[in-house]
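Beneath this line is the structure, given in structure tokens, with notes to follow.
Chains as they are written, first to last, in the working numbering: chain A, 71 to 377; chain B, 71 to 377.
Structural data, given as structure tokens:
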């Protein structure tokens, strides 16, 4: 029951109040994989330039991440540089250099075409559709996008929505896509446009899952120290999809739990720069954090009773 | 085990994208009482001018709200006028006329001095201290405040913190009081300054409770239609304190449940202008909404297991 991700493999330069990095491995496919691989093996489709530090990728392979779909192209790797505000609540993009990502045409190795669980990271929706064409019989397809595609390729994006199961986006994107500022109405809008479910990420406020059967909310894990929010959303998707793939259970109760694994992975992502925190997270720590979420939100309605 | 509230009794004029009101009953004491009285009788201490519409107060008396501590003074009632943004996420105060509230000196009727549960609504911290002096042996005292007092009467406020059990404030106030933008560090700061617990309300994102034993998060109830956010925080406090007073149970598990009652009452408050929604909420509807919170956040970690 393989899990496939297609997305960017980047070199990120990030400035936060706590320090900065230069050309650190990042991008949606790496954040997703670093998180998901704690739960289930991952197959990655992406592209890097000849300048990409291969040592970083080798370390990921050792964790069950199959990079057989990562092409090395002539040219420079995708680079992103951003600066966060003092409280990390907003960020400014200082530089984006697409490099080899500009000509990215995802091609799945034959072995990847049997993937049952697919995550289409934030790339051009035409390419996302192209990836779907190459997967034989996926059991669950989830997809991310961003404001740029919502504005510039809305029609293709709407076509894509009819072919996916879960849309996983943030609140700003949900509002822009639906044209509705109320997040629950925005979620309902998505459900009427194809997907069977929608996950809306709200950063430090957690995330919601809405489908025909339920509305579920998971908070963000309470952290007194946050170093770098970059990639938290992709790590969330990695936790969500990793749990779904390892259990193969699409029941509402298990999707709730997948949301909690997503939130756990998002919380790890922000505790260090880039994907570094995943270097030392093990499965026990993942399970401990999931239990932490239980302590955080559970309550017993039976108590006290009605007088 | 009586529940006492001291706070403002106002006439609010509110403009939202969905309509506007003029001189509608409001103020912290009324929002608190309208919510709390669904769970437990409430004693109110406050002041109104001779112009206050007594019919509104009579309707509250019929619901178990004892207005024996509401003084009628010569002069105009406290009036507040505000306008909300299109998505209700921010508001502008257009006018504040203190009227008789400017000279408010809370005096507890003898019967009120035996109160076991006390909520000090947002008034001058000197007056809040004065109320505490009049209560003989309270079992739990909770307190609200606002940025104005944090700036202008910080020393008195810090003195007050040493005499209360729970501080119930919003995230902006918590950040300003503690000088820390991280909400969890801000909560911890409060715990080192006297209170045994702190509730931080985050509007549409819910609320957290932190004490020495736990950190609990309750989301806001998912509403597709919100009409008027005014008073939601005081209704939250009313639900929290009402549940504590009716159960008399200060255990961590019951305080979690009190938070959920708080969130339920906050969600009712915003569904109509002013305190009107509480005219038709009954206890069954309250319990149904609390069950709704359970459906919203509960998950079972046992599912799927660790491979």
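Positions of the beta carbon are idealized from the N, C-alpha and C atoms, including for glycine.
Quantities reported herein were computed from a predicted structural model and do not represent experimental measurements.
How close, in whole Å, do the beta carbons of residue i and residue j come, if the pair is a contact with beta carbons under 8 Å?
| i | j | result |
| --- | --- | --- |
| residue 169/B | residue 148/B | 5 Å |
| residue 74/A | residue 140/A | Incorrect: roughly 12 Å between the Cβ atoms, too far for contact. |
| residue 309/B | residue 96/B | In fact, because the Cβ distance is near 17 Å, the residues do not count as touching under 8 Å. |
| residue 146/B | residue 121/B | 6 Å |
| residue 191/B | residue 314/B | Rounded, the Cβ-Cβ distance is 16 Å, inconsistent with contact. |
| residue 380/B | residue 279/B | The structure shown does not extend to residue 380/B, since chain B spans only 71 to 377, so no value can be given for it. |
| residue 164/A | residue 151/A | 4 Å |
| residue 84/B | residue 298/B | 6 Å |
| residue 307/B | residue 238/B | 5 Å |
| residue 211/B | residue 178/B | With 8 Å as the limit, residue 211/B and residue 178/B do not qualify as a contact, their Cβ atoms being about 13 Å apart. |
| residue 189/B | residue 102/B | 6 Å |
| residue 403/B | residue 184/B | In the structure as shown, chain B starts at 71 and stops at 377, and residue 403/B therefore has no counterpart that could be examined. |
| residue 153/B | residue 194/B | Not quite, the Cβ-Cβ distance comes to about 26 Å (not below 8 Å), so this is no contact. |
| residue 108/B | residue 312/B | 7 Å |
Tell me the DSSP bridge mates of residue i?
| i | result |
| --- | --- |
| residue 149/A | 81/A and 167/A |
| residue 135/A | 112/A |
| residue 154/B | 161/B |
| residue 90/A | 85/A |
| residue 187/A | 73/A and 210/A |
| residue 143/B | 119/B |
In chain A, which residues lie with their C-beta within 8 Å of the C-beta of residue i?
| i | result |
| --- | --- |
| residue 322/B | By Cβ distance, chain A contributes nothing, its closest Cβ being about 10 Å from residue 322/B, past 8 Å. |
Chain A partners of residue i, CB-CB under 7 Å?
| i | result |
| --- | --- |
| residue 294/B | 252, 254 and 255 |
What residues of chain C sit near residue i, judged by a beta carbon separation below 7 Å?
| i | result |
| --- | --- |
| residue 287/A | Looking at the structure shown, chain C is missing, and the protein chains on hand are A and B. |
If you draw a straight line from the alpha carbon of residue i to that of residue j, how long is it in whole angstroms?
| i | j | result |
| --- | --- | --- |
| residue 291/A | residue 272/B | 15 Å |
| residue 325/B | residue 255/B | 21 Å |
| residue 344/A | residue 167/A | 18 Å |
| residue 359/B | residue 277/B | 16 Å |
| residue 374/A | residue 155/A | Residue placement at residue 374/A is flagged as unreliable, the pLDDT there being 49, under the threshold of 50; the coordinate-derived value follows with that caveat. C-alpha separation (whole angstroms): 45 Å. |
| residue 187/B | residue 110/A | 51 Å |
| residue 369/A | residue 364/B | 8 Å |
| residue 267/A | residue 229/A | 16 Å |
| residue 82/A | residue 284/B | 37 Å |
| residue 274/B | residue 113/A | 38 Å |
| residue 92/A | residue 253/B | 29 Å |
| residue 295/A | residue 354/A | 21 Å |
| residue 327/A | residue 356/A | 13 Å |
| residue 232/A | residue 118/B | 59 Å |
| residue 264/A | residue 235/A | 8 Å |
| residue 331/A | residue 126/B | 49 Å |
| residue 182/B | residue 175/B | 15 Å |
| residue 371/B | residue 241/B | 30 Å |
| residue 144/A | residue 123/A | 14 Å |
| residue 335/A | residue 303/A | 9 Å |
| residue 361/B | residue 99/B | 27 Å |
| residue 196/B | residue 132/B | 32 Å |
| residue 347/A | residue 339/A | 6 Å |
| residue 289/A | residue 251/B | 18 Å |
| residue 204/B | residue 337/B | 33 Å |
| residue 207/A | residue 258/B | 51 Å |
| residue 248/B | residue 198/B | 20 Å |
| residue 137/B | residue 316/B | 19 Å |
How would you list, in chain order, the residues of chain A whose beta-carbon sits under 9 Å from the beta-carbon of residue i?
| i | result |
| --- | --- |
| residue 371/B | 327, 330, 357, 360, 361, 363 and 364 |
| residue 275/B | 272, 274, 275, 276 and 289 |
Can you pull the chain B neighbours of residue i, defined as C-beta to C-beta under 7 Å?
| i | result |
| --- | --- |
| residue 157/A | 251 |
Would you say the beta carbon of residue i is closer than 6 Å to some non-hydrogen atom of the ligand GTP?
| i | result |
| --- | --- |
| residue 83/B | By its list of ligands, the structure shown contains no ligand whatsoever, and the ligand GTP lies outside what it can speak to. |
| message | For a minimum of 4 consecutive residues, which ranges assigned as the alpha helix (DSSP H) are wholly contained in the stretch 93 to 132 of chain A? | response | Counting whole runs of 4 or more residues, the stretch 93 to 132 of chain A contains the alpha helix (DSSP H) stretches 98 to 106 and 124 to 131.
| said: For a minimum of 3 consecutive residues, which ranges assigned as the beta strand (DSSP E) are wholly contained in the stretch 261 to 310 of chain B? | reply: Counting whole runs of 3 or more residues, the stretch 261 to 310 of chain B contains the beta strand (DSSP E) stretches 267 to 271, 277 to 281 and 285 to 288.
| request: Please list the segments of the alpha helix (DSSP H) lying wholly inside the stretch 215 to 261 of chain A, counting only runs of 4 or more residues, in order along the chain. | output: The stretch 215 to 261 of chain A contains, as complete alpha helix (DSSP H) runs of 4+ residues, the segments 217 to 222, 224 to 231, 241 to 248 and 253 to 261 (chain order).
| query | Can you give, in chain order, each stretch of the alpha helix (DSSP H) that sits fully within the stretch 313 to 360 of chain B and has at least 4 residues? | reply | Every alpha helix (DSSP H) stretch that sits fully inside the stretch 313 to 360 of chain B and reaches 4 residues is listed by chain position as 322 to 339.
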